[in-house]
Amino acid sequence: MEEVKCPACERYKHTPRGEEEIKDLKVRLNRIIGQLNGITKMLDDNRYCGDILTQIAASESALQQVGYILLKSHMETCVSDDIKAGKEDSLNEAFELMRKLK
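In this note's numbering, the protein residues as written are 32 to 133.
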């Protein structure tokens, strides 16, 4: 039987992740979604600006942490494997990703 390929799948790179890593990232992202929903409610309730800004800062920090976790995993797997295989472009891509995360 011929394998049918998804056109979108060919366009994107894929990274296999362990169940625990996926679970951890989803828990973190769902918590951030909850924080953002809370900020929306705070706006609807006309809460104090300082309280809203504090929650925005907390959400940004949490999202930044998710980015760092993914970057660390990327460096330990994808980039490391590519460098071992002689694909030096992967290192430049990693530097660009670090710059984006600040």
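Note that the Cβ used here is the ideal one computed from N, Cα and C, for glycine as well. The model shown is predicted, which means the values in this text are computed figures rather than measured ones.
Query: Residue 48 versus residue 98: straight-line alpha-carbon distance, rounded; Result: 15 Å
Query: Nearest-angstrom beta carbon gap, residue 63 and residue 93 [assumed within contact, 8 Å]; Result: 5 Å
Query: Straight-line gap, residue 72 to residue 119 (C-alpha atoms, nearest Å); Result: 47 Å
Query: Nearest-angstrom Cα separation, counted from residue 75 out to residue 53; Result: 33 Å
Query: Boundaries (first-last residue) of the alpha helix (DSSP H) holding residue 79; Result: Element bounds for residue 79: n/a, residue is neither H nor E.
Query: The ligand HEM heavy atom lying under 8 Å from the CB of residue 49; Result: Of ligands this structure carries none, so the ligand HEM is not represented either.
Query: Three-way DSSP call (helix, strand, coil) for residue 116 in this model; Result: coil
Query: Option nearest residue 86 by Cα separation, candidates 70, 43, 101 and 79; Result: 70
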